[in-house]
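S.K.: Quick mapping for you: the protein sequence lines, in order, are chains B and D.
Using the working numbering, read the first sequence as starting at 4 and increasing by one per residue.
Using the working numbering, read the second sequence as starting at 4 and increasing by one per residue.
2 protein chains.
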Amino acid sequence: MSAPVAGEESPLALICGSGSLPLAVADSVAARGRRVLLFPLRGIAAPQDYAGRAPIWLQLAKFGTFIRAARAAGCRDLVLIGSLVRPSFWQLRFDLTTLRMLPGIAASFRGGDDHLLSGVARLIEGEGFRLLGAHEVAPEILVPKGVLGRVQPTPQDETDAALGFRYLHATGMFDVGQAVVVASNRVLAVEAAEGTDQMLVRVAELRRTGRLAAGEGRGVLVKCPKPTQDRRFDLPSIGPQTIKGVASAGLAGVAVAAGETIAAQSARLVEIADRENVFVAGLASGLQR
Amino acid sequence: MSAPVAGEESPLALICGSGSLPLAVADSVAARGRRVLLFPLRGIAAPQDYAGRAPIWLQLAKFGTFIRAARAAGCRDLVLIGSLVRPSFWQLRFDLTTLRMLPGIAASFRGGDDHLLSGVARLIEGEGFRLLGAHEVAPEILVPKGVLGRVQPTPQDETDAALGFRYLHATGMFDVGQAVVVASNRVLAVEAAEGTDQMLVRVAELRRTGRLAAGEGRGVLVKCPKPTQDRRFDLPSIGPQTIKGVASAGLAGVAVAAGETIAAQSARLVEIADRENVFVAGLASGLQR
């Protein structure tokens with residue numbers, strides 16, 4: 004690996020959590036002609052996804068490996084992308100570089116996700132890297148304003164979406180989650196530590212056991228970022244799996260904040276949405292910033 | 004059944020949902036010397052609990068039975084108590100009295116629980132009954148200020164409880180739920196349509212699968228009424244089952260709004276809390292009303 008010559012764009016370092024989003028971003032960036040170095044997280048990213056892509060596997064709490072490899076390759080820009088189950092602080096095994104950074108990391112482990120992530124961001128920038136959002140290097144991954152597939156939301160769906168956006172804005176300062184399920188003017192489920200997929204499983208279960216009064220096919224998954232969200236990481240995202248969960252929960256569709264939500268594998272996502280007869284809409288979330 | 008003579012307190016009509024709370028309230032009221040008529044809801048209250056207590060079984064959507072029996076017995080005051088899974092409007096089979104009230108009932112079925120319950124309350128009062136809160140006829144069921152058992156909350160537990168109260172106050176206007184789980188300054192779970200017990204099962208699952216960073220025994224179940232809550236029904240409640248759920252989820256204890264939360268079977272509840280080493284505290288929720 005050699006440092007880039009002057010005038011050439013530096014390679015992008017992509018630290019990859021789980022799911023299909025990291026590779027979609029990598030392919031988008033590569034298609035724009037920029038070299039990408041993949042740093043999947045061991046135990047989190049799936050090894051088979053990275054076969055033949057020359058990954059440099061990282062362990063959580065071993066920043067030293069990353070810093071040496073990224074510097075040697077001349078990387079200056081860094082993107083964190085994919086799902087990361089919040090690790091238990093006491094299960095981590097630290098390397099020396101990380102131990103040096105430990106007081107800052109320990110402080111980041113108290114409080115919500117924003118707190119954890121912004122703490123990690125400061126540490127990375129303290130080492131001379133620039134942290135970018137995935138949408139800054141691959142803007143086409145953002146959901147635009149409008150309906151993505153064939154199915155249109157009804158006026159009631161739009162009313163439910165607006166209620167969901169209001170709820171998420173009102174609770175954003177608590178740094179809890181980025182998704183709710185709303186049906187017929189009622190918030191049925193609120194996402195917290197369990198994540199969106201598990202929340203959808205819960206709604207499917209409530210419906211199956213007859214605990215929901217809403218008719219079949221009604222209700223909306225609503226996702227938008229917290230008002231305080233640092234847009235460089237953890238923007239809300241949807242993917243094919245989300246659409247399958249929405250269909251299993253008997254919901255009418257998914258409404259996300261346009262321009263502030265990432266769609267992984269959007270062609271496949273739309274194909275499944277059309278087949279399952281659910282809508283996917285990017286809407287103005289109404290948030291004043 | 005005969006109407007009470009002048010000057011005698013009228014018998015209390017108790018419409019009973021599921022759980023142990025209705026019978027606890029009935030016994031408290033009877034111990035004060037007031038006659039109680041039990042109207043358990045068929046398919047919701049457990050038949051064996053009412054054996055030997057001369058229950059008058061009601062069917063949902065058949066208000067006529069209730070109105071005739073309650074009037075014949077001279078009841079003027081009515082309490083609704085116990086859990087009621089929100090029924091599907093279309094699964095109900097209405098009697099004639101109820102059909103007459105239907106436009107009001109249908110309107111009540113849209114929106115959150117407050118909306119449903121306050122609609123039902125108006126309908127009952129329109130028939131000449133006075134709807135009371137369970138705590139008005141049996142004030143000893145409310146959790147007082149202070150620690151109920153042997154185990155004391157730590158300062159961190161109190162900080163977590165305060166965060167939970169703030170979250171519940173901020174979201175009260177959305178009429179979603181009355182409980183959250185908070186651990187180490189992070190809201191881990193938010194109750195909505197699934198109810199408290201299911202939320203605790205979810206937290207236990209998150210802990211078992213290693214998705215929670217908080218150490219064993221940390222975290223608090225926090226319950227308090229919505230700021231807009233009509234205190235005549237659906238005050239938050241805890242019971243022996245709640246304490247078992249708290250222990251299974253590995254939480255340190257439960258903090259409730261003192262004077263605004265009902266404890267079912269409080270002696271048994273405290274016994275289990277002491278055995279499971281979890282605290283039960285009535286705290287000032289900090290809400291300005």
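Just so it is clear, CB atoms sit at the ideal spot from N, CA and C, and this is done for glycine as well.
Straight-line CA distance for Asp237(B) to Ala192(D)?
M.R.: Counting from one through the first sequence, the residue named residue 237(B) turns up at place 234. Counting from one through the second sequence, the residue named residue 192(D) turns up at place 189. Between Asp237(B) and Ala192(D), the C-alpha separation is close to 19 Å.
S.K.: Do you know how far the Cα of Ser21(B) is from the Cα of Gly253(B)?
M.R.: In the first sequence, counting from the first residue as 1, residue 253(B) sits at position 250. In the first sequence, counting from the first residue as 1, residue 21(B) sits at position 18. Looking at the two C-alpha atoms, the distance is approximately 26 Å.
S.K.: Beta-carbon separation of Gly285(B) and Val259(B) under 9 Å?
M.R.: Taking the first sequence and counting its residues from 1, the one referred to as residue 285(B) is at position 282. Taking the first sequence and counting its residues from 1, the one referred to as residue 259(B) is at position 256. For Gly285(B) and Val259(B), yes; Cβs fall inside 9 Å.
S.K.: For Val283(D) versus Leu151(D), is the C-beta spacing smaller than 9 Å?
M.R.: On the second sequence, position 280 is the one that residue 283(D) refers to. On the second sequence, position 148 is the one that residue 151(D) refers to. Against a cut-off of 9 Å, the Cβ pair of Leu151(D) and Val283(D) comes out as a contact.
S.K.: For Asp178(B), would you say it is in contact with chain D, using Cβ-to-Cβ distances shorter than 9 Å as the test?
M.R.: To locate residue 178(B), count along the first sequence from 1; it is residue 175. Answer yes: the Cβ-Cβ gap between Asp178(B) and chain D drops below 9 Å somewhere.
S.K.: For a contact meaning CB atoms closer than 7 Å, what does Ala196(D) contact in chain B?
M.R.: Counted from its first residue, the second sequence places residue 196(D) at position 193. Going along chain B in sequence order, the residues near Ala196(D) (Cβ under 7 Å) are Leu191, Ala192, Leu209, Arg214, Leu215.
S.K.: Ignore the nearest five residues each way along the sequence and tell me which others in Ala27(B)'s own chain have a CB closer than 7 Å to its CB.
M.R.: Position 24 of the first sequence, counted from the first residue, corresponds to residue 27(B). Only Ile144, Ala267, Gln268 meet the Cβ criterion.
S.K.: Once the 5 residues before and after Ala73(B) are set aside, which same chain residues still bring their CB inside 6 Å of it?
M.R.: To locate residue 73(B), count along the first sequence from 1; it is residue 70. Result list for Ala73(B): Ala16, in chain order.
S.K.: Between Arg301(B) and Thr174(D), what straight-line distance do the alpha-carbon atoms span, to the nearest angstrom?
M.R.: The shown model of chain B, from 4 to 292, leaves out residue 301(B), and the question about it has no answer.
S.K.: Can you tell me which residues form a DSSP beta bridge with Cys19(B)?
M.R.: Position 16 of the first sequence, counted from the start, is the residue given in the question as residue 19(B). DSSP, once it has assigned bridges, lists Pro43(B), Ile84(B) as partnering Cys19(B).
S.K.: Within 8 Å, do at least three Cβ pairs link the region 183–199 of chain B to the region 133–142 of chain B?
M.R.: They do not touch, by the three-pair rule.
S.K.: Mind listing the chain D neighbours of Ala182(B)? Cutoff is C-beta to C-beta under 8 Å, in chain order.
M.R.: Taking the first residue of the first sequence as position 1, residue 182(B) is located at position 179. Per Cβ cutoff of 8 Å: no residues; Ala182(B) is ~11 Å from chain D at best.
S.K.: Residues in its own chain within less than 8 Å of Phe42(D) by CB, not counting five upstream and five downstream?
M.R.: Mapped onto the second sequence, residue 42(D) falls at position 39. For Phe42(D), where only same-chain residues beyond five positions count, the Cβ hits under 8 Å are Ala16, Leu17, Ile18, Cys19, Pro58, Ile59, Trp60, Leu61, Phe69, Ala72, Ala73.
S.K.: Name the DSSP beta bridge partners of Ile144(B), please?
M.R.: Here the question's residue 144(B) lines up with position 141 in the first sequence. In the DSSP output, where bridge partners are listed per residue, Ile144(B) has none listed.
S.K.: Give me the DSSP bridge partner(s) of Lys65(D).
M.R.: Walking along the second sequence from the start, residue 65(D) turns up at place 62. The partner list for Lys65(D) (beta bridge, DSSP) is empty, contrary to what the question assumes.
S.K.: Taking its Cβ as the centre, do 16 or more other Cβ atoms sit within 10 Å of Gly222(B), making it buried, or is it exposed?
M.R.: Locating residue 222(B) in the first sequence gives position 219, where the first residue counts as 1. It is buried - the Cβ of Gly222(B) has at least 16 other Cβ atoms within 10 Å.
S.K.: Are any of the Cβ atoms in chain D nearer than 9 Å to that of Leu166(B)?
M.R.: In the first sequence, counting from the first residue as 1, residue 166(B) sits at position 163. It does: the Cβ of Leu166(B) has a partner Cβ on chain D nearer than 9 Å.
S.K.: So, helix, strand or coil for Glu274(B), using DSSP?
M.R.: The residue labelled residue 274(B) in the question sits at position 271 within the first sequence. Residue state, collapsed to three classes: helix.
S.K.: Please report how far the alpha carbon of Gly167(B) lies from the alpha carbon of Ser288(B), in whole angstroms.
M.R.: Counting from one through the first sequence, the residue named residue 167(B) turns up at place 164. Counting from one through the first sequence, the residue named residue 288(B) turns up at place 285. Those two C-alpha atoms are separated by around 9 Å.
S.K.: In angstroms, rounded to a whole number, what distance separates the CA positions of Val146(D) and Thr264(D)?
M.R.: In the second sequence, residue 146(D) corresponds to position 143, counting from 1. In the second sequence, residue 264(D) corresponds to position 261, counting from 1. So the alpha carbons of these two residues sit roughly 6 Å apart.
S.K.: Based on the DSSP secondary-structure assignment, which residues constitute the bridge partners of Ile293(D)?
M.R.: The first residue shown for chain D is 4 and the last is 292, placing residue 293(D) beyond what the model contains.
S.K.: Measure from the C-beta of Ala173(D) to each C-beta in chain B and report whether the shortest distance is under 9 Å.
M.R.: On the second sequence, residue 173(D) is found 170 positions in, with the first residue counted as 1. Yes - at least one Cβ of chain B is within 9 Å of the one on Ala173(D).
S.K.: When you compare only the Cα positions, how much space is there between Pro158(B) and Gly256(B)?
M.R.: Looking up residue 158(B) in the first sequence gives position 155. Looking up residue 256(B) in the first sequence gives position 253. Straight-line Cα distance between these residues: approximately 13 Å.
S.K.: Under the three-state reduction of DSSP, which class applies to Phe3(D): helix, strand or coil?
M.R.: For chain D, the structure presents residues 4 to 292; residue 3(D) sits outside this window and is missing.
S.K.: Candidates Leu203(B), Lys229(B), Pro156(B), Gly149(B): which alpha carbon is nearest Gly180(B)'s?
M.R.: In the first sequence, counting from the first residue as 1, residue 180(B) sits at position 177. Taking only the C-alpha atoms, the option nearest Gly180(B) is Lys229(B).
S.K.: Going by DSSP in three states, Leu203(D) sits in which element: helix, strand or coil?
M.R.: For the purposes of this step, residue 203(D) is taken as residue 200 along the second sequence, with counting starting at 1. Helix.
S.K.: Can you pull the chain D residues whose beta carbon is under 8 Å from the beta carbon of Tyr53(B), in chain order?
M.R.: The residue you call residue 53(B) lines up with position 50 of the first sequence. Those within 8 Å of Tyr53(B) in chain D number zero; the least Cβ separation is about 23 Å.
S.K.: Run the CB neighbour count on Asp163(D), radius 10 Å, all protein chains shown included, and call it buried at 16 or more, exposed below.
M.R.: On the second sequence, residue 163(D) is found 160 positions in, with the first residue counted as 1. Asp163(D) should be labelled buried.
S.K.: By how many angstroms is the C-alpha of Leu272(B) removed from the C-alpha of Pro90(B)?
M.R.: Here residue 90(B) corresponds to residue number 87 of the first sequence, with the count starting at 1. Here residue 272(B) corresponds to residue number 269 of the first sequence, with the count starting at 1. Residue confidence for Pro90(B) is low, a pLDDT of 49 falling below 50, so the modelled location carries little weight; the figure read from the coordinates is stated next. Each residue's Cα considered, the two are about 29 Å apart.
S.K.: Can you find a C-beta in chain B that's less than 9 Å from the C-beta of Gln244(D)?
M.R.: Position 241 of the second sequence, counted from the first residue, corresponds to residue 244(D). Answer no: the Cβ-Cβ gap between Gln244(D) and chain B never drops below 9 Å.
S.K.: Would a C-beta distance cut-off of 9 Å place Val154(B) and Tyr170(B) closer than the cut-off?
M.R.: Counted from its first residue, the first sequence places residue 154(B) at position 151. Counted from its first residue, the first sequence places residue 170(B) at position 167. Cβ distance not < 9 Å, so Val154(B) and Tyr170(B) don't count as in contact.
S.K.: If we cut at 9 Å on Cβ distances, does Gln232(D) have a partner in chain B?
M.R.: Position 229 of the second sequence, counted from the start, is the residue given in the question as residue 232(D). With 9 Å as the cut-off, Gln232(D) does not count as an interface residue toward chain B.
S.K.: Are the CB atoms of Leu224(D) and Leu203(D) nearer to each other than 9 Å?
M.R.: Numbered from 1 along the second sequence, position 221 holds the residue referred to as residue 224(D). Numbered from 1 along the second sequence, position 200 holds the residue referred to as residue 203(D). Yes, they are a contact pair.
S.K.: Based on Cα-Cα distance, which residue from Gly213(B), Gly198(B), Leu81(B), Leu44(B) lies nearest to Gly129(B)?
M.R.: As a working mapping, residue 129(B) is identified with position 126 in the first sequence. Nearest of Gly213(B), Gly198(B), Leu81(B), Leu44(B) to Gly129(B), Cα basis: Leu81(B).
S.K.: Helix, strand or coil for Ala260(B) per DSSP?
M.R.: Counted from its first residue, the first sequence places residue 260(B) at position 257. DSSP places Ala260(B) in strand when its eight states are reduced to three.
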